[in-house]
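For the sequence shown, our numbering assigns the number 4 to the initial residue and increments by one for each residue that follows.
Every residue, glycine too, gets a C-beta built ideally from N, C-alpha and C.
Have a look at the structure below before the remarks.
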Amino acid sequence: MMRNLSLIIVLLVCTLVATSSAAAVHFSVTWNKTYGGPDANDSAYTLLSCPDEKGYLFVGDTGPLGVGERNAWAVNLTGTGDERWNRTFDAGGGDAARALVNTADGNYLFAGSLILDPRGEIVWNRTFYGADVNASSYAAAKTRDGGYVVAGTVTPRGSSATDILVIKVNATGGEDWRRTFGEPDRSDAAYSVIETTDGNIAVAGSTESFGASATDAWVAKLDPAGAEVWNTTFGGPGNDTARALAAAPDGGLVFAGSSVRWGAANRTESDALVVRMGSNGRVAWNRTYGDAGTNESAESIIATADGGYLFVGESGQNPAGGDAWAVKLDSFGGVKGSMTLGGANPGDRAASVVQVSNTEYAFAGTFNATGKDGAVDTDAWVVKFTVNPRAVSKASSQPLNLPENCPTPTNPEPTPTATSTATPTVTPTAAPSSIGDFVWNDTNRDGIQDSGEPGIEGVNVTLLDAELCEVAATKTGADGRYLFACLTPGDYVVKFVPPAGMVFTRQDVGDEDACDSDANRTTGRTNQIALGAGETQDGWDAGFIVPQPETTGSVDGFVWIDTDEDGIQDCEETGLPCASITLYCTNGTPVDATTTDTAGRYLFTCLPPGDYYLIFDPPQGYTFTAACQGGDDTLDSDADPATGRTENVTLTENRTEAALDAGMVAATPPSGEPGIVTGFVWLAIDLIDEIRGNDDAYSGICVELRSADGVLVDSMITRDDGVYTFCVDEPGCYYLRFAPSKRSKVTFVTPGPWSDVDPETGTTDTFDVVPSETVTRDAGLVMGARAFSGGVWYDLNADGIRDPGDPGVPGIRIHLFNPKPSLIGGTVTDSNGSYGFPSQKWSYWGYGGVSFPLPDGYSFTVPGQDSDARRDGGYADAELGTEGFVEVGGETLNAGLVGEYQTETPAAAYGWVYGTTWYDNNRDGVWDHMGEGISGVEVRLLDADGAVVASAHTRSTVYFAGATYLFGPLLPGEYSLEFIPPENYVFTNPGGDSHADPATGMTDPFTISGDDTVVRDAGMYYVEPPQPPSFVAGTVWNDTNANGARDTDEPVFPGVRVELRTPDDRLLNSTITGDDGEYIFRVDGDWRYFLRFVPPEDFDFTAPGSGSDVDPGTGTTDRFSVAPSETLTLNAGLIREVPGETRVTPDGTPVTLDGDTVTPDRTPVTLNETRVTPDDTPVTLDGDTVTPNDTPVPPKGTEAGKEV
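Structure (structure tokens):
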């Protein structure tokens, strides 16, 4: 059943591509094979590594191999890809197997649903729903109760749209429960399902029902009974899909799929999408992968043994499809390397991937092969490949990546050696070092070791090296302390394992490092510890807390405009947005605060049992209506008209909800004839002209009336009709400021006939207000993103507050995200550390926030009033606010850094050095600002004397080209840089964009004077290391007895011409055999060749045998290739021609040595013809001895006596 491999192997030689020569890992194919019948379409959807048989099983579908339209198909393979068995399964229509799991009893289940034994025989099968309902299964997973969970789609009766379907079955296929998700006339689908580490169920797919735009990726978590724990969606204005789920090492989730964006010429393009989530559904990071002008998608993802991830899918420019694509990621989603694999026809893809060993993987998918008649059909395809690290210098500081292969620590027995009487050489040893300290119960949950908080006994503590391989392990003592003693100097990490029923407390709280917890709350690991000789570091602690039970109490309510002032909510009365509400405990401690939404509603959640009250704060221009009016407590006002306070409410285990409302009335305008300032706020509905429509009023905008000197005079919120009105008693000069709510995603239109607002400031011009006259100013809005800005600064005293003299940090790459969140842009901080993003019209999602990647050698300062960044691995995230209204001057998001290059010497100004290492693929010395940089390159900062001041490693990030480094803040002085290229990299030509000397990697010296910012880049390219030489050699000899074997007494043949040729008969090289009859050629291990031997005159080739490798008819060898560093031996035997003498071909036909056939009657043999026996005694053919004088023998040298 296996297809002919010659075509695909040729295609792979031509098309196997690593997407970046500067990758941290190297991909190589071990074997690849296709499966299917001729003139049929066959596909593999899921691949499984067989645990005991050391082989593989894939499932998919096949065309005409079974009965019906298409049949489900299962194929079992050996470890080298050879077929053990294959089975087709027909249910009478178009059938396919798309999911596959190992069962607890050694069998297999594929979604459809069938249970197979190891030989492929059906154990049981089940179907769900009847003949009149369309249901499909796309994914299946094993559950810890011995059953299974299956996910897919179901089409409700009378509908053409699909709902998400999840079914739980027991070990024999009996249904435990089923759940569907979706809304009428909208299509939703589940493509992946797994059991999570906490025993719940995670489902991923796509949704039109629950997303905000088009089709969004959808992920949900269900408990073992099928009840929803949480669900969330991801995506932008285009179609986004989650295709595959995997469990992350820390209990979180990672999913992969695709995200559609708008490319050039207004065309849609697809990128691969990978999102890393916590166990609670919160996004840790999300990345998209793809190039402009190409379509990429991820079909399968796995968490790899090195702590990272690997996904496979498809990539290409052809609308009909591309090539199979595999991408290796680190733990933060950074690309370590990738490859594409495919043939001449579009549409090759990888659908499922498994990890076989630390460095070995296999994927299954489809390959589009061209048959003998030129027609293209689809075959199932399996590829085994390896991913090995390139030799690249790595950073010695956080974040750490797990190695590709972390060996298990061993303690080998010493090998006995011979004793010696010589005086031994004394080798000095470093003084032993130690690491240790305290694990405690943080009873007040504040992250600080307080007096009286006890240590915890028996906590497992592991010491890891810089590559996160285990060095030693211990447990805490009765006092909660641990110690690793007698350590050699080096870099280490300590890992703590939480005791049962406890979790980590907050990390790095407060200013006293000796009293905080150093364990990361997700990984349990400390930062890297640089341990010197003889040094004792006893400040690495971990605090644990007992998690509190979930609290579910809530207080909600409604603030309304009581237009008839009767204290009762009437049907026609509307809600009042932006009223402030504060929740208090009855002891007066504030618990939380919020504002009402555009409908006038508010909500406080996650409240523990207790007593509470509220205080309402009316917006400007409103007062409270009368309280407790009427007989219906659900329709009155609960706020005291004088104080705005409510009565106390009690939440208990039995009463978890409370509702408290407040009615407001508009203040009575003063007597007299005031001036009026009024206007209309509207939302543009025309994409091109930004003109007003008839039903485009926009409510909920805060309008501020300010005096000409900026003093706030009054403010109000636009009503549902979009109108605002101020009654102004004091004549004077004023202006208006319009402030959208932070939650809204709107910006201002271009000023014109219908809008009087400056889009950058949100303000109008100044105008005069006089009694009895009306001033009108309108404001037009459009869906979009509002401008915001920020800065990255260096916290010299590490207190989280930006003090005078704290410098800005240049060259920091800022990633811009929308609220989904999806990466939508980026920028770089300027020489002052500042950055900004302008307003953007017609942006559906708007801006959500930014992510700051950390340069090597830096970390984020403690959160404070001047640093909004929240640490998340090697990044920090800062989100734009969603509560309240946009402040004057716009929103800002800042981040403070601290680092290894902290200087205690004060200076009026500090300098910075930063730059980029980039891959110069065309070797012209000019950086085109495209493609990945070369990450992990060591850069050394040298002083004027050439001494190393600091060292850093370059880091690449998504969205930006190149990999960057940073040094600073630096005191004035003369400096230079030294770049250390990774193995097999060389520097490009200087003078263009590269500043590194190609011979030394050094830059020219430069001077820092004051607040200088110096940029120094280095371009490099990868040089393939020379392959070990390969040779073909051999000997030409005289086969005197013409038996095809080289006998020990047969002489060699010098002076014979030997030619090295390509398969198309092109001469590459030639030589002459030496005196020893030998020849040799050096060859390339990647090429194929053959040899042609040119015999001397009167000689021909002996018959092929155990000694000669030459075809006697052509004088050539077979085609061959030589493995690297190997030598292939090909010999040639020669015999002397005898004209007229006959020999017999294998079919018994006599021929002369020149090839002419001899008929028997042309060569008569008489009985008295003589021949010579081995002892030189002549005999006749009938055996009679002939004396020498009876039959003389011609002397040697004559034709009759010539040796043959």
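Query raised in the report: Roughly how many angstroms lie between the CA atoms of Phe487 and Gln452, to the nearest whole one?
Result: Taking the first residue of the sequence shown as position 1, residue 487 is located at position 484. Taking the first residue of the sequence shown as position 1, residue 452 is located at position 449. Per the coordinates, the alpha-carbon of Phe487 lies some 21 Å from the alpha-carbon of Gln452.
Query raised in the report: Is the stretch 365–373 touching the stretch 341–356, taking contact as three or more C-beta pairs under 8 Å?
Result: yes
Report task. Using three-state DSSP, classify Asp771 as helix, strand or coil. Result -> For this step, residue 771 is matched to residue 768 along the sequence shown. Asp771: strand per DSSP, three-state reduction.
**Report entry** Test item: CB-CB of Glu90 and Thr81 under 8 Å
**Finding:** Mapped onto the sequence shown, residue 90 falls at position 87. Mapped onto the sequence shown, residue 81 falls at position 78. Strictly speaking, residue 90 in this sequence is Arg, with Glu absent from that position. In this structure, the beta-carbon distance from Arg90 to Thr81 does not fall below 8 Å.
Report task. Using beta-carbon positions only, say whether Pro501 and Gly461 come within less than 8 Å of one another. Result -> Residue numbering aside, residue 501 sits at position 498 when the sequence shown is read from its first letter. Residue numbering aside, residue 461 sits at position 458 when the sequence shown is read from its first letter. Not a contact, by the Cβ cut-off of 8 Å.
Query raised in the report: Taking the Cβ atom as the reference point for each residue, do Asp519 and Gly450 lie within a distance shorter than 8 Å?
Result: Position 516 of the sequence shown, counted from the first residue, corresponds to residue 519. Position 447 of the sequence shown, counted from the first residue, corresponds to residue 450. Yes, these two residues count as a Cβ contact at 8 Å.
Query raised in the report: Can you list, in chain order, the residues of its chain whose CB lies under 8 Å from that of Ala306, leaving out five sequence neighbours each side?
Result: Walking along the sequence shown from the start, residue 306 turns up at place 303. Setting aside the 5 residues that flank it on each side, Ala306 is surrounded in the same chain by Ala249, Ala250, Ala251, Pro252, Val257, Tyr312, each with a C-beta closer than 8 Å to its C-beta; the list follows chain order.
Report task. List the whole-angstrom C-beta distance separating Thr637 from Leu617, where the pair is believed to meet the contact cut-off of C-beta under 8 Å. Result -> On the sequence shown, position 634 is the one that residue 637 refers to. On the sequence shown, position 614 is the one that residue 617 refers to. Contact between Thr637 and Leu617 is ruled out by a C-beta separation of about 16 Å, above the 8 Å threshold.
Report task. Just grab the DSSP bridge partners of Gln540 for me. Result -> Position 537 of the sequence shown, counted from the first residue, corresponds to residue 540. According to DSSP, Gln540 bridges with Ile438.
**Report entry** Local Cβ density within 10 Å of Val1026, reported as buried at 16 or more and exposed below that
**Finding:** Numbered from its first residue, the sequence shown carries residue 1026 at position 1023. The C-beta of Val1026 has fewer than 16 other C-beta atoms within 10 Å across all chains shown, which makes the residue exposed.
Query - Supposed contact pair Thr1010 and His998 - C-beta distance, whole angstroms, cut 8 Å - result: As a first step, residue 998 is located in the sequence shown; it is residue number 995 there, counting from the start. As a first step, residue 1010 is located in the sequence shown; it is residue number 1007 there, counting from the start. His998 to Thr1010, Cβ: 15 Å. No contact.
Query raised in the report: Quick one: Cα of Leu471 to Cα of Ala596, how far?
Result: Within the sequence shown, residue 471 is the residue found at index 468, counting from 1. Within the sequence shown, residue 596 is the residue found at index 593, counting from 1. Straight-line Cα distance between these residues: approximately 44 Å.
**Report entry** Residue of Trp288, Ala275, Asp333 minimising C-alpha distance to Ser318
**Finding:** Taking the sequence shown and counting its residues from 1, the one referred to as residue 318 is at position 315. Nearest option by C-alpha distance: Ala275.
Requested in this report: Just confirm the distance between the C-beta atoms of Ile1138 and Asp1101, as a whole number of angstroms; I'd bet it's less than 8 Å.
Outcome: The residue you call residue 1138 lines up with position 1135 of the sequence shown. The residue you call residue 1101 lines up with position 1098 of the sequence shown. Rounded, the Cβ-Cβ distance is 10 Å, inconsistent with contact.
Query raised in the report: Does the stretch 979–994 come within contact of the stretch 916–929, defined as at least 3 CB pairs closer than 8 Å?
Result: yes
Report task. For my contact list, Thr721 and Gly703 are in at a C-beta cut-off of 8 Å; report their separation, rounded to the angstrom. Result -> Indexing the sequence shown from 1 puts residue 721 at position 718. Indexing the sequence shown from 1 puts residue 703 at position 700. Confirmed, Cβ separation roughly 7 Å.
Query raised in the report: Hey, how far is the Cα of Ile679 from the Cα of Thr767?
Result: What you label residue 679 is simply residue 676 of the sequence shown in a count that begins at 1. What you label residue 767 is simply residue 764 of the sequence shown in a count that begins at 1. Spanning the two alpha carbons is a distance of roughly 16 Å.
Query - Residue burial classification, Pro580 (beta-carbon count within 10 angstroms, cutoff 16) - result: Taking the sequence shown and counting its residues from 1, the one referred to as residue 580 is at position 577. Answer is buried; the Cβ neighbour count reaches 16.
Query raised in the report: Considering only the beta carbon of each residue, do Arg1085 and Ile1075 sit closer than 8 Å?
Result: By one-based count along the sequence shown, residue 1085 stands at place 1082. By one-based count along the sequence shown, residue 1075 stands at place 1072. Their beta carbons are not under 8 Å apart, which means Arg1085 does not touch Ile1075 by this criterion.
Requested in this report: Give the range of the beta strand (DSSP E) segment to which Cys3 is assigned.
Outcome: The chain is shown only over 4 to 1207; residue 3 falls outside these bounds and no answer can be derived.
Query raised in the report: So what does Asp559 bridge to, in DSSP terms?
Result: Against the sequence shown, residue 559 aligns to sequence position 556. Paired residue(s): Leu606, Ala662.
Query raised in the report: According to DSSP, is Ser997 helix, strand or coil?
Result: Residue 997 sits at position 994 when you count from the first residue of the sequence shown. In the structure shown, Ser997 sits in coil (DSSP, three-state: anything other than H, G, I, E or B).
Query raised in the report: Straight-line CA distance for Glu1062 to Phe1096?
Result: Stepping through the sequence shown from its first residue, residue 1062 is reached at position 1059. Stepping through the sequence shown from its first residue, residue 1096 is reached at position 1093. Rounded to the nearest angstrom, the two C-alpha atoms are 6 Å apart.
Report task. Starting from the Cα of Asp440, find the closest Cα among Glu473, Asp309, Ile459, Trp848 and give me that residue. Result -> For this step, residue 440 is matched to residue 437 along the sequence shown. Ranking Glu473, Asp309, Ile459, Trp848 by Cα distance to Asp440 puts Ile459 first.
Requested in this report: Just the C-alpha distance for Trp384 and Phe370, rounded to the nearest angstrom, thanks.
Outcome: If you number the sequence shown from 1, residue 384 lands on position 381. If you number the sequence shown from 1, residue 370 lands on position 367. So the alpha carbons of these two residues sit roughly 6 Å apart.
Query - Alpha-carbon spacing of Ser710 relative to Val1017, whole angstroms - result: Working through the sequence shown from its first residue, we reach residue 710 at position 707. Working through the sequence shown from its first residue, we reach residue 1017 at position 1014. Roughly 46 Å separates the two Cα atoms.
**Report entry** Gly324 to Thr343 span [Cα, whole Å]
**Finding:** Sequence index remark: in the sequence shown, residue 324 carries index 321 (1-based). Sequence index remark: in the sequence shown, residue 343 carries index 340 (1-based). Using only the alpha carbons, I get a separation of about 13 Å.
Report task. Report all residues from its chain with a CB closer than 8 Å to the CB of Tyr1024; omit the five preceding and five following residues, and keep chain order. Result -> Within the sequence shown, the letter at position 1021 stands for residue 1024. Excluding sequence neighbours, Tyr1024 sits near Ser24, Tyr922, Asp923, Asn924, Arg926, Tyr988, Val989, Thr991.
Query raised in the report: If Gly260 and Thr244 are in contact, beta carbons under 8 Å, what's the gap, nearest whole angstrom?
Result: Position 257 of the sequence shown, counting from 1, holds the residue named residue 260. Position 241 of the sequence shown, counting from 1, holds the residue named residue 244. Correct: roughly 4 Å between the Cβ atoms.
Report task. Can you tell me which of Asp1067, Phe561, Glu660 puts its alpha carbon nearest to the alpha carbon of Thr608? Result -> Against the sequence shown, residue 608 aligns to sequence position 605. The closest CA to that of Thr608, considering only Asp1067, Phe561, Glu660, is found on Glu660.
Query raised in the report: So, using beta-carbon positions, are Val558 and Tyr485 closer together than 8 Å?
Result: Residue 558 sits at position 555 when you count from the first residue of the sequence shown. Residue 485 sits at position 482 when you count from the first residue of the sequence shown. Not in contact: Val558 and Tyr485 (Cβ atoms no closer than 8 Å).
Requested in this report: Tell me, to the nearest whole angstrom, how far the beta carbon of Tyr59 is from that of Leu51; I am working on the premise that it is less than 8 Å.
Outcome: In the sequence shown, the residue the question calls residue 59 occupies position 56. In the sequence shown, the residue the question calls residue 51 occupies position 48. That pair is a contact at about 7 Å.
Query raised in the report: Going straight from the alpha carbon of Arg1091 to that of Ile815, what length do you get?
Result: Working through the sequence shown from its first residue, we reach residue 1091 at position 1088. Working through the sequence shown from its first residue, we reach residue 815 at position 812. Their Cα atoms are separated by approximately 51 Å.
Query raised in the report: Which whole-angstrom value is the C-beta distance of Gly1108 and Gly1047, which I expect to be below 8 Å?
Result: As a first step, residue 1108 must be located in the sequence shown, where it is residue number 1105. As a first step, residue 1047 must be located in the sequence shown, where it is residue number 1044. Contact holds; Cβ gap of about 3 Å.
Query - Secondary structure of Asp639, DSSP reduced to three states - result: Within the sequence shown, residue 639 is the residue found at index 636, counting from 1. The answer is strand: DSSP assigns Asp639 an E or B state.
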